[in-house]
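Chains as they are written, first to last, in my numbering: chain U, 1065 to 1373; chain L, 10 to 212. Note that the Cβ used here is the ideal one computed from N, Cα and C, for glycine as well. This report refers to the structure that appears directly beneath it.
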Amino acid sequence: MGRQTLVSRRAVLGAAAAAAASSLFGPLVGLAQTGTLSRAIPSSGERLPVVGLGSWITFNVGNDPELRAECAAVMRAFFAAGGRLIDSSPMYGSSQAVIGYGLRKLGRPPSLFSADKVWISSGSEGPGQIEESRRHWSVPRFDLLQVHNLLAWEEHLPMLLDMKAAGRVRYVGITTSEGRRHEEVQKIMATRSIDFVQVTYNILDREVEERILPLAQERNIAVIANRPFRQGALIRSLAARPLPQWSEGIGAASWAQFLLKFIVSHPVITCAIPATSQVAHVKENMAAATGRLPDSSERRRMVAYVEGL
Amino acid sequence: MRDWLTYRLSDLLLFSPRTYYRMLERHNQAIWPAQLLALAFGVGILALLRRPGVRQGRIVAGILGLLWAGVAWAFLWQRYATINWAARGLAGLFAIEALLFLWAGIFRRDLRFSLRRDPADALGLTLFVAALAIYPWLAPLTGRSWQQAELFGVFPDPTVLGTLGLLLLAEGRSLWKLLVIPIVMCSISAATLWAIARAGPAP
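Next up, the structure:
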């Protein structure tokens, strides 16, 4: 099945830089301009930093000017640390508008990789919803559009692929979370020409390791890991426990970094998208995208340690 | 429908507790001193309960219709909808209840509110007084600012609670129609508050 990707000049330059970085740092993990670890999107070769920014709950702050300013500060810190991919959805209340506010305030950072979703049960209303989302973000087009939780995917996915063919979006994907409808996700991955799949993957929720991640590798599909901290619950439950002494060896100075490094050290994961409303946390998260990543034996040790707590 | 069944209640809580409670605070700041008017309406209803009659029923129903319409427009439509896409549907329910009060109480003259010495009336009066005088204290009692206090006639939850209490004190052929939306709203509010209580601070 052919994978036609309309590649912009920015993407070509990014891919060229990535190829150069790959030759220096290996085929899977490379270094972005700020020293941030990055991975290639399999369908294009364009590289993305391994840590992105989610917006579920944290960016849904309505018209509250103080909270909007906090979100913009989070975005500023994210871009300053080399971040690129921001993910949102029409389901997330005012999050898209708040992202748009932040982007305008930051002068529309050119490094942005905009990832949004279509989430509506009527296929005919999909294009209108996407256009409304685009206006909220204030972007000329999205880099990635995904069918949110497979809602009406049979209607939305052909429309998104048409948009991609027409150059109105660069990548197409599907999402699920918390293990929902994995059989259907696999069916789509196996039969449709998608660029991205977004699934829940963290140190305790590893079901996707069995079938979805191998299939993504086989089908050259980039993988976004959502709910890296189980919406903060993992961090809260681990906060009172000590980090293992050996975590220094993998460059993890906090539980957030420990958990993120576990996720992004899986060779098929393209990036994780932790959401936060705090600048300190986004800096901490982005620091997990630097330094070395655990190898497979260290990953097993990380799982055993957390499961044993 | 099959897709909707895959969502849990916590999946539909779209905002953090901090965002929600700051929204209450900002609403209180924006509408001040309308809270005093809502409080006066509540106290007025309490006083009217001692004077049952057709005129009393029309006045109480009119006040309730006004308050439900006010909450629908000023809070649910204008403010809550900015963080919850379901809020406009809730505003619609509040608007319908407002119209039902006007229809049943004013046009049909079908509502009477009275205090009898029976358990249902005692419960009704307790609920109404709790909504009017105790609910606003929940904010400071749970460690939040006074500015986040929720008043009867201004915010949905105490308005629903107080209305349920008043309907327990009411007589009329339309009573069951008036009870449906407050009971539905009670269930929605309870589920939302439960999800907020379970949610931790935003990451």
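Let me know the secondary structure DSSP gives U/L1101 once reduced to three states.
On the first sequence, residue 1101 of chain U is found 37 positions in, with the first residue counted as 1. In the structure shown, U/L1101 sits in a strand (DSSP, three-state: E or B).
Any beta-carbon of chain U closer than 8 Å to the one on L/S154?
Here the question's residue 154 of chain L lines up with position 145 in the second sequence. Judged by the 8 Å Cβ criterion, L/S154 is not in contact with chain U.
Quick check on L/L57: does DSSP put it in helix, strand or coil?
Here residue 57 of chain L refers to the residue found at position 48 of the second sequence. The answer is helix: DSSP assigns L/L57 an H, G or I state.
List, in chain order, every chain U residue whose beta-carbon is nearer than 8 Å to that of L/N93.
In the second sequence, the residue the question calls residue 93 of chain L occupies position 84. What L/N93 touches in chain U: G1157.
In whole angstroms, what separates the C-alpha of U/H1330 from that of U/Y1369?
In the first sequence, the residue the question calls residue 1330 of chain U occupies position 266. In the first sequence, the residue the question calls residue 1369 of chain U occupies position 305. Cα to Cα, the separation comes out at about 17 Å.
Could you give the distance in angstroms between the alpha-carbon of L/R126 and the alpha-carbon of L/A70?
Here the question's residue 126 of chain L lines up with position 117 in the second sequence. Here the question's residue 70 of chain L lines up with position 61 in the second sequence. About 22 Å.
Can you grab the Cα-Cα spacing for the pair L/D119 / L/L75, in whole Å?
Residue 119 of chain L sits at position 110 when you count from the first residue of the second sequence. Residue 75 of chain L sits at position 66 when you count from the first residue of the second sequence. Approximately 17 Å between the Cα atoms of the pair.
Could you give the DSSP three-state label for U/G1237: helix, strand or coil?
Taking the first sequence and counting its residues from 1, one reaches residue 1237 of chain U at position 173. Strand.
For a cutoff of 8 Å on Cβ pairs, would you count L/A39 as touching chain U?
For the purposes of this step, residue 39 of chain L is identified with residue 30 of the second sequence, where counting begins at 1. Closer than 8 Å: no.
For the region 1115–1148 of chain U, which residues have a beta carbon sitting closer than 7 Å to at least one beta carbon of chain L?
Answer set for the region 1115–1148 of chain U: I1121, T1122, N1124, V1125, G1126, N1127, D1128 and L1131.
If you measure from the beta carbon of L/L99 to each beta carbon in chain U, is any gap under 8 Å?
Within the second sequence, the letter at position 90 stands for residue 99 of chain L. L/L99 does not count as touching chain U.
What are the complete beta strand (DSSP E) segments, minimum 3 residues, inside the region 1237–1284 of chain U?
List check, beta strand (DSSP E) in window: 1260–1264.
According to DSSP, is U/P1222 part of a helix, a strand, or is it coil?
Looking up residue 1222 of chain U in the first sequence gives position 158. Three-state result, U/P1222: helix.
Classify L/F110 as helix, strand or coil using the three-state DSSP reduction.
Within the second sequence, the letter at position 101 stands for residue 110 of chain L. Here L/F110 sits in helix by DSSP.
Would you please verify whether the beta carbon of L/T28 is less than 8 Å from any beta carbon of chain U?
Residue numbering aside, residue 28 of chain L sits at position 19 when the second sequence is read from its first letter. Chain U, which has a Cβ nearer than 8 Å to the Cβ of L/T28, makes this yes.
Indicate whether at least one CB of chain U lies closer than 8 Å to the CB of L/R60.
The residue given as residue 60 of chain L occupies position 51 in the second sequence. So, not an interface residue.
Going by the CB atoms, is the gap between U/D1259 and U/S1152 shorter than 8 Å?
Locating residue 1152 of chain U in the first sequence gives position 88, where the first residue counts as 1. Locating residue 1259 of chain U in the first sequence gives position 195, where the first residue counts as 1. No. Outside cutoff.
In chain order, what residues of the same chain lie with their CB nearer than 6 Å to the CB of U/V1346, ignoring the 5 residues before and after it?
Against the first sequence, residue 1346 of chain U aligns to sequence position 282. Counting only Cβ-Cβ distances below 6 Å, and skipping sequence neighbours, we find V1138, A1141, F1142 and T1340.
Mark L/V63 as exposed unless 16 or more other C-beta atoms lie within 10 angstroms of its C-beta, in which case mark it buried.
Numbered from its first residue, the second sequence carries residue 63 of chain L at position 54. L/V63 is exposed by the Cβ-count criterion.
Taking contact to mean at least 3 C-beta pairs separated by less than 8 Å, is the region 1258–1273 of chain U in contact with the region 1282–1292 of chain U?
Segments in contact, yes.
Would you check if there are 3 or more beta carbon pairs closer than 8 Å linking the region 1179–1194 of chain U to the region 122–139 of chain L?
Segments in contact, no.
In whole angstroms, what is the alpha-carbon distance linking U/M1223 and U/A1229?
As a first step, residue 1223 of chain U must be located in the first sequence, where it is residue number 159. As a first step, residue 1229 of chain U must be located in the first sequence, where it is residue number 165. Taking the straight line joining both Cα atoms gives about 10 Å.
Starting from U/T1122, trace the beta strand (DSSP E) both ways and give me its first and last residue.
Taking the first sequence and counting its residues from 1, one reaches residue 1122 of chain U at position 58. Careful: U/T1122 lies outside any beta strand (DSSP E) and carries neither H nor E.
Is the shortest distance between the beta-carbon of L/F24 and the beta-carbons of chain U less than 8 Å?
Taking the second sequence and counting its residues from 1, one reaches residue 24 of chain L at position 15. Cβ-Cβ to chain U under 8 Å: yes for L/F24.
Is there contact between the region 1206–1223 of chain U and the region 1240–1250 of chain U, where contact requires at least three CB pairs shorter than 8 Å?
The answer is yes - the region 1240–1250 of chain U touches the region 1206–1223 of chain U, with three or more Cβ pairs under 8 Å.
By the three-class DSSP mapping on this structure, what secondary structure does U/L1298 have?
Here residue 1298 of chain U refers to the residue found at position 234 of the first sequence. Three-state DSSP puts U/L1298 in a helix.
Please classify L/P190: does DSSP put it in a helix, a strand, or coil?
Within the second sequence, the letter at position 181 stands for residue 190 of chain L. Here residue 190 of chain L is Ile; the residue named in the question, Pro, does not match the sequence. Helix, per DSSP.
Per the DSSP calculation, L/R121 is bridged to which residue(s)?
Start at 1 with the first residue of the second sequence, and residue 121 of chain L comes out as number 112. The partner list for L/R121 (beta bridge, DSSP) reads L/E180.
Which runs of the beta strand (DSSP E) fall wholly inside the region 1177–1220 of chain U and span at least 3 residues, in chain order?
Complete beta strand (DSSP E) runs here, min 3: 1177–1182 and 1206–1211.
Thinking just about the alpha-carbon of each residue, which of U/P1338, U/G1372, U/N1349 and U/E1348 is nearest to the one in U/S1417?
This structure cannot settle anything about residue 1417 of chain U, because the visible part of chain U is limited to 1065 through 1373.
If we count the other Cβ atoms within 10 Å of its Cβ and call it buried at 16 or more, is U/T1354 buried or exposed?
Residue 1354 of chain U sits at position 290 when you count from the first residue of the first sequence. U/T1354 comes out buried.
Taking 8 Å as the threshold, find out whether the region 1199–1213 of chain U comes into contact with the region 1144–1161 of chain U through three or more Cβ pairs.
Result yes; three or more Cβ-Cβ pairs closer than 8 Å.
Indicate whether the contact test is met: 3 or more Cβ pairs, each with one atom in the region 129–146 of chain L and one in the region 110–118 of chain L, closer than 8 Å.
No, they do not touch.
Classify U/D1359: buried if its beta carbon has 16 or more other beta carbons within 10 angstroms, exposed otherwise.
As a first step, residue 1359 of chain U is located in the first sequence; it is residue number 295 there, counting from the start. The residue in question, U/D1359, is exposed, as its Cβ has fewer than 16 Cβ neighbours within 10 Å.
Could you give the C-beta distance for U/T1240 and U/V1249, rounded to a whole number, given that I count them as a contact under 8 Å?
In the first sequence, counting from the first residue as 1, residue 1240 of chain U sits at position 176. In the first sequence, counting from the first residue as 1, residue 1249 of chain U sits at position 185. Yes, they are in contact, since the Cβ atoms of U/T1240 and U/V1249 sit about 5 Å apart, within 8 Å.
Going by the CB atoms, is the gap between U/A1320 and U/N1349 shorter than 8 Å?
What you label residue 1349 of chain U is simply residue 285 of the first sequence in a count that begins at 1. What you label residue 1320 of chain U is simply residue 256 of the first sequence in a count that begins at 1. Contact: yes.
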